[in-house]
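Visitor:
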Amino acid sequence: MEKHLDDFIRFLVGIDNLNEVVFVAGLLLTAAIVLTYFTTFRSRQMLNYVPNVWTSLGILGTFVSIVGSLSMIKATSYDLKDSTVVLELIEKIGPAFTTSIIGIIGAIITSILIKVIYAVEERREDKAYVKAVGADVSPEIMLNKVNLALERLIM
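As numbered in my numbering, residues 14 to 168 make up the sequence shown, in order.
(1) Nearest by alpha-carbon distance to PHE24: which of SER69, GLN58, ASN65 and VAL77 is it?
(2) Inspect the beta-carbon positions of THR112 and LEU31 and report whether they are closer than 8 Å.
(3) Alpha carbon to alpha carbon, how far is VAL37 from GLU15? Give it in angstroms, no decimals.
(4) Whose C-alpha, out of ASP20, PHE21, PRO108 and PRO64, is nearest the C-alpha of LYS128?
(5) Can you grab the Cα-Cα spacing for the pair ALA141 / ILE118, in whole Å?
(6) Flag this pair as yes or no: are the beta carbons of SER82 and ILE121 separated by less than 8 Å?
(7) Which whole runs of the alpha helix (DSSP H) in the segment 132-167 are 4 residues long or more, in chain order?
(8) Given a cut-off of 8 Å, decide if MET155 and VAL146 are closer than it, judged by their beta-carbon atoms.
(9) Please name the residue, chosen from GLU101, ASP20, LEU70 and ILE79, that lies closest to LEU41 on a Cα-to-Cα basis.
(10) If you reduce the DSSP assignment to three classes, tell me which class SER56 lands in.
(11) Express the C-alpha separation of THR53 and SER151 in angstroms, rounding to a whole number.
(12) What residues in its chain sit with their C-beta under 6 Å from that of VAL66, if we drop five residues either side in the sequence?
(13) Would ALA109 and ILE79 qualify as a contact pair, given that the criterion is a beta-carbon distance under 8 Å?
(14) If you draw a straight line from the C-alpha of ILE46 to the C-alpha of ILE130, how long is it?
(15) For THR89, name the three-state secondary structure that DSSP assigns.
Put into structure tokens, the structure is as follows:
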């Protein structure tokens, strides 16, 4: 199992454009979840997960980049008191955090888009309610009327 994990990490570290991979993977997963939402499930819980996908991909990309950067430097062959070694390490680790930034930006954008989707759905539901019941009867009053009618049927 550990060998497979090492091979997988080596594969990920070998990707030259990890930022682009995180971005494209985020877009593809977002599209898949949103399409599934509109065509099949209509599950708000599933749609609420989209920002988490972006954040998770960003963090994963950061850790993979850090592991890759650290694995390229062999601590035994360097004197860590040498400032050039420390600068080289910082230079290699620095870009790793870009994937987290991509993930956070993707999470913010998808959170806003999901709120817009919910607002449009609620407006549509409100219009349908007003058309069916009327604007002068609130949902609470209508629910109370239904509850009273059910109680009369039971008793």
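Ideal Cβ placement from N, Cα and C applies to all residues, glycine included.
Guide: Reading from the atomic positions:
(1) VAL77
(2) yes
(3) 28 Å
(4) PRO64
(5) 35 Å
(6) no
(7) 152-167
(8) yes
(9) LEU70
(10) coil
(11) 31 Å
(12) LEU42
(13) yes
(14) 13 Å
(15) In this predicted model, THR89 has a pLDDT of only 48, less than 50, meaning its place in the structure is not dependable; the value taken from the coordinates is given anyway. DSSP places THR89 in helix when its eight states are reduced to three.
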